[in-house]
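Written below as structure tokens is the structure these notes are about.
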Amino acid sequence: VFCYKYKTLDGRKALTKAITKNSILVECKKIYDDRLPDWILNYVQSKNATIDQGTAQLLSDYIGNNLERLTSEIDKVLINLPPPARIDKEVVQKYVGISKDYNVFELQKALTHKDNLKAQRIVQYFAANPKLNPVIPVIAVLFSFFSKLLVIQQSKSNSEESLAKELKIRPFFIRDYILAAGNFNRDQVINNIGYLRTADLMVKGVGSQRNSPGEILKELIFKLMH
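Numbering (my numbering), first residue to last: 1 to 226.
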């Protein structure tokens with residue numbers, strides 16, 4: 001077995017042609033974020049356990065598409081549960097270390113309902129605990145969230161099923177997105193996507209004026225809500 005990591009083999013090179021000719025070449029691409037909850041559901045089922053859709057989405061948002069870390073965290077949870085194991089949010093919060101009230105899933109919910117007080121509480125917690133809540137993944141989740149709202153606002157369909165397919169999410173979540181799309185007008189959504197792009201650059205050191213990631217996130221959430 002020959003493993004070539006982190007880059008794609010150049011099909012024009014002699015090595016790639018030799019591998020293709022004399023063996024089987026398998027390219028393992030990163031899983032797209034919208035497919036990650038389904039991957040989590042299937043992985044848990046392969047362990048003869050169950051997990052609900054909301055919890056799978058929570059793990060997806062919190063950990064991202066690092067499959068090595070995902071499987072490690074899921075396996076850690078399963079070790080602590082008697083069979084037949086059922087993974088829910090309370091179990092994940094206990095064993096993975098995700099705060100019940102202060103996580104990116106709850107922040108997105110606060111934005112959906114325009115609950116400014118709740119959003120500010122969560123972002124204050126994030127700023128005080130940067131190692132547990134790194135800013136860049138939070139921005140990535142919120143960018144995906146507002147991008148989906150823009151798709152809904154531009155869509156010609158009013159069907160929940162059609163919108164869920166268009167957004168590539170499970171129908172279980174579509175009503176929250178429709179609610180959020182009604183609470184933010186199109187100009188606000190477009191502006192918020194711009195704010196998220198700017199904040200992402202600032203966290204990475206572009207034009208941040210030496211602000212801490214936590215301060216950048218606080219300012220970002222204020223702008224998103226107003």
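The C-beta atom is built at its ideal place from N, Cα and C for all residues, glycine as well.
* With DSSP run on the structure shown, which of helix, strand or coil describes Thr-50? -> As a position in the sequence shown, residue 50 is number 50, starting the count at 1. In the structure shown, Thr-50 sits in a strand (DSSP, three-state: E or B).
* Asked: Can you name the residues that DSSP bridges to Ile-87?
  -> Taking the sequence shown and counting its residues from 1, the one referred to as residue 87 is at position 87. Partner(s): Ile-51.
* Extent of the continuous alpha helix (DSSP H) run through Lys-17 -> Numbered from 1 along the sequence shown, position 17 holds the residue referred to as residue 17. Per DSSP, Lys-17 belongs to the alpha helix (DSSP H) from 14-22.
* If you check the beta carbons only, do Ile-79 and Leu-59 fall under 8 Å apart? -> Along the sequence shown, read from residue 1 onward, the residue named residue 79 stands at position 79. Along the sequence shown, read from residue 1 onward, the residue named residue 59 stands at position 59. Result no, Cβ atoms of Ile-79 and Leu-59 do not sit closer than 8 Å.
* Are the stretch 172-182 and the stretch 95-103 in contact at 8 Å, needing three or more beta carbon pairs? -> no
* Asked: Can you give the Cα-Cα distance for Ala-199 and Pro-134, rounded to whole angstroms?
  -> For the purposes of this step, residue 199 is identified with residue 199 of the sequence shown, where counting begins at 1. For the purposes of this step, residue 134 is identified with residue 134 of the sequence shown, where counting begins at 1. Using only the alpha carbons, I get a separation of about 13 Å.
* Span separating the alpha-carbon of Ala-56 from that of Phe-126 -> Counting from 1 along the sequence shown, the entry for residue 56 is found at position 56. Counting from 1 along the sequence shown, the entry for residue 126 is found at position 126. Rounded to the nearest whole angstrom, the CA to CA distance from Ala-56 to Phe-126 is 21 Å.
* To do: Assuming Glu-156 contacts Tyr-195 (C-beta within less than 8 Å), just tell me the rounded distance between them.
  => Here the question's residue 156 lines up with position 156 in the sequence shown. Here the question's residue 195 lines up with position 195 in the sequence shown. For the record, residue 156 in the displayed sequence is Lys; it is not Glu. About 27 Å separates the two Cβ atoms, so there is no contact after all.
* To do: For Asp-52, I'd like the list of residues in its chain whose CB is within less than 7 Å of its CB, leaving aside the five on either flank, ordered along the chain.
  => Along the sequence shown, one-based indexing puts residue 52 at 52. Within the same chain, Asp-52 has close Cβ partners Asp-88.
* Tell me whether the beta-carbon of Arg-231 lies closer than 8 Å to the beta-carbon of Glu-160. => The chain is shown from 1 up to 226; residue 231 falls before or after that span and cannot be answered.
* To do: Given a cut-off of 8 Å, decide if Tyr-62 and Asn-103 are closer than it, judged by their beta-carbon atoms.
  => For this step, residue 103 is matched to residue 103 along the sequence shown. For this step, residue 62 is matched to residue 62 along the sequence shown. Yes, these two residues count as a Cβ contact at 8 Å.
* Under a Cβ-count criterion, where at least 16 other Cβ atoms within 10 Å of its own Cβ denotes burial, should Glu-73 be classed as buried or exposed? -> Numbered from its first residue, the sequence shown carries residue 73 at position 73. Buried, by the Cβ-count rule.
* **Between the CA atoms of Lys-13 and Glu-27 - distance to the nearest angstrom** => Start at 1 with the first residue of the sequence shown, and residue 27 comes out as number 27. Start at 1 with the first residue of the sequence shown, and residue 13 comes out as number 13. So the two alpha carbons sit approximately 16 Å from each other.
* Asked: Looking only at its own chain, which residues have a Cβ that is under 8 Å from the Cβ of Thr-50, when we skip the five neighbours before and after it?
  -> For the purposes of this step, residue 50 is taken as the residue at position 50 of the sequence shown. Excluding residues within five positions, the ones whose Cβ falls inside 8 Å are Val-44, Pro-84, Ala-85, Arg-86 and Ile-87.
* **Closest residue to Pro-82 among Lys-47, Ile-178, Arg-69 and Thr-112 (Cα-Cα distance)** => Along the sequence shown, read from residue 1 onward, the residue named residue 82 stands at position 82. Cα-wise, what sits closest to Pro-82 is Lys-47.
* Buried versus exposed, by CB contacts within 10 Å (16 or more), Pro-171 -> Sequence index remark: in the sequence shown, residue 171 carries index 171 (1-based). Counting Cβ neighbours within 10 Å, Pro-171 comes out exposed, since fewer than 16 surround it.
* Count the other CB atoms, across all protein chains shown, that sit within 10 Å of the CB of Leu-15; report buried if there are 16 or more and exposed otherwise. => On the sequence shown, position 15 is the one that residue 15 refers to. By the 10 Å Cβ count, Leu-15 comes out exposed.
* Asked: Along the chain, which unbroken stretches of the alpha helix (DSSP H) at least 4 residues long are found entirely within the stretch 100-130?
  -> Taking only runs of at least 4 residues, the alpha helix (DSSP H) segments lying wholly in the stretch 100-130 are 104-112 and 116-128.
* Hey, Asn-211 and Met-202: beta-carbon distance below 8 Å or not? -> If you number the sequence shown from 1, residue 211 lands on position 211. If you number the sequence shown from 1, residue 202 lands on position 202. In this structure, Met-202 lies closer than 8 Å to Asn-211 by Cβ.
* Roughly how many whole angstroms lie between the Cα atoms of Arg-121 and Ala-110? -> Here residue 121 corresponds to residue number 121 of the sequence shown, with the count starting at 1. Here residue 110 corresponds to residue number 110 of the sequence shown, with the count starting at 1. Their Cα atoms are separated by approximately 10 Å.
* Asked: Taking C-alpha atoms, which residue in Lys-204, Glu-215, Arg-35 and Phe-143 lies nearest to Lys-165?
  -> As a position in the sequence shown, residue 165 is number 165, starting the count at 1. Considering only alpha carbons, the answer is Arg-35.
* To do: Can you give me the start and stop residues for the alpha helix (DSSP H) that Tyr-177 sits inside?
  => On the sequence shown, position 177 is the one that residue 177 refers to. First-last of the alpha helix (DSSP H) with Tyr-177: 171-183.
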